[in-house]
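Peer 1: Residue 101 in this note's numbering is what sits at position 90 of the sequence shown, and the numbering runs on without skipping anything.
Next up is a structure, given as structure tokens.
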Amino acid sequence: MNNLIKSITDSQAGLGITILRIIAGITFAAHGAQKLFGWFGGYGLAGVAQWMESIGLAPGYLMALIIGLLVRPAAAVLAVTMLVAIFTVHLANGFFMSNNGYEFALALLAISVALVFEGAGKLSVDGKLAR
Numbered sequence: 012m013n014n015l016i017k018s019i020t021d022s023q024a025g026l027g028i029t030i031l032r033i034i035a036g037i038t039f040a041a042h043g044a045q046k047l048f049g050w051f052g053g054y055g056l057a058g059v060a061q062w063m064e065s066i067g068l069a070p071g072y073l074m075a076l077i078i079g080l081l082v083r084p085a086a087a088v089l090a091v092t093m094l095v096a097i098f099t100v101h102l103a104n105g106f107f108m109s110n111n112g113y114e115f116a117l118a119l120l121a122i123s124v125a126l127v128f129e130g131a132g133k134l135s136v137d138g139k140l141a142r
């Protein structure tokens, strides 16, 4: 069990990945707050749940990236979420975000995949757990 925890939490990544993780975490948290609470001009859980049901998806929220807790599993879930968003919502609209395209979701997918491979970095709860 200790080896499993260490493999999930250990990271040799530097401070650059910490900045990437924090910005991605804030972005996912803000986007989730729109959907869950209706903040920042969002529709809230009821509105989003209705829309997601209309396209065959159930809502889910995971925002552990900001503090760097279990970043690899959280980032893996977010990467899959971005793939689903790209293929079910944005792909038909082309690349650019101005047309509700997949540009932004693709950037978040790339960040999530990088975090799966690199881990949380030096300044993280995962880093403390690994030590």
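Glycine included, each C-beta is placed from N, C-alpha and C at the ideal position.
Identify, in the order they occur along the chain, each residue of the same chain with its Cβ nearer than 6 Å to the Cβ of F107, setting aside the five sequence neighbours on each side.
Peer 2: E114
Peer 1: Evaluate the contact criterion for the segment 91–108 versus the segment 43–57: three or more CB pairs, one atom per stretch, below 8 Å.
Peer 2: no
Peer 1: Could you have a look at F144 and say whether DSSP puts it in helix, strand or coil?
Peer 2: Limits of the chain in this structure are 12 at one end and 142 at the other, which puts residue 144 out of reach.
Peer 1: Who are the Cβ neighbours of N13 in its own chain at under 8 Å, not counting the five residues just before and after it?
Peer 2: none
Peer 1: Mind checking which residues open and close the alpha helix (DSSP H) that includes L117?
Peer 2: E114 to E129
Peer 1: Flag this pair as touching only if the segment 42–50 and the segment 121–137 have three or more C-beta atom pairs under 8 Å; answer yes or no.
Peer 2: no
Peer 1: Could you pull the start and end residues of the alpha helix (DSSP H) that N13 belongs to?
Peer 2: N13 to T20
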